[in-house]
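Scroll down for the structure; my scribbles are underneath it.
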Amino acid sequence: MSGGEIAWIIAAVAFLIIALAIAIIAVRVSGVTKEVKGTVAETNKTLNTINGELGILTKEVEGLLAKSNTLLEDVNGKVAAIDPVFTAIGELGESVSDLNQSTRNLTERVAHGAKNGAKATVAARMSAKAFSMLTKKKITINSRGKNHG
6 MSGGEIAWII
16 AAVAFLIIAL
26 AIAIIAVRVS
36 GVTKEVKGTV
46 AETNKTLNTI
56 NGELGILTKE
66 VEGLLAKSNT
76 LLEDVNGKVA
86 AIDPVFTAIG
96 ELGESVSDLN
106 QSTRNLTERV
116 AHGAKNGAKA
126 TVAARMSAKA
136 FSMLTKKKIT
146 INSRGKNHG
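Written out as structure tokens, the structure is:
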């Protein structure tokens with residue numbers, strides 16, 4: 006064998022090794038590609054299902070929002086109707102507070118007047134007693150003077 010034939014054999018073996026490596030890589034890539042293809046198919050199926058359900062869900066959410074808006078408008082109307090009631094209750098509370106203060110003031114005046122009335126009653130009784138004693142004394146003095154006279 007000459008040098009040229011050995012070179013051709015080495016080149017052929019190298020080419021065979023390269024061809025086998027490419028074939029092994031192609032088989033492996035083919036398996037991965039099949040797995041990716043299956044995953045993509047499952048993903049597309051899931052997305053189609055979600056899109057179908059999403060349309061139904063969107064319609065239901067829109068209906069709920071419309072009902073919520075109607076309910077909120079109703080509640081706002083009722084709150085607006087009740088608002089004067091709360092204002093009246095607040096004013097009534099202020100009036101009751103004023104009435105309580107007036108009652109306290111009147112009670113204090115009556116109590117003060119009762120103290121003064123009690124003092125006046127005591128003074129009047131003392132005056133009556135003193136007058137009564139003075140009158141008795143005058144009668145006693147006058148009756149003594151008439152008897153001796």
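According to the numbering used here, the sequence shown holds residues 6 to 154 in order. Idealized CB from N, CA, C, for every residue including glycine.
To the nearest angstrom, how far is the alpha carbon of residue i from that of residue j?
i	j	result
Ala128	Asn105	34 angstroms
Leu97	Ala116	28 angstroms
Asn110	Ala123	20 angstroms
Val34	Leu70	51 angstroms
Leu77	Ser107	44 angstroms
Leu52	Val37	22 angstroms
Asn81	Thr75	10 angstroms
Ala46	Ala17	42 angstroms
Gly43	Lys50	11 angstroms
Please classify residue i as buried or exposed, where buried requires at least 16 other C-beta atoms within 10 Å of its C-beta.
i	result
Thr140	exposed
Can you list the alpha helix (DSSP H) stretches of 4 or more residues lying completely in the stretch 104-141, in chain order?
-> Correct list: empty.
Beta strand (DSSP E) runs contained entirely in the stretch 34-115, provided each spans 3 or more residues = Segments of the beta strand (DSSP E) lying fully in the stretch 34-115: there are none.
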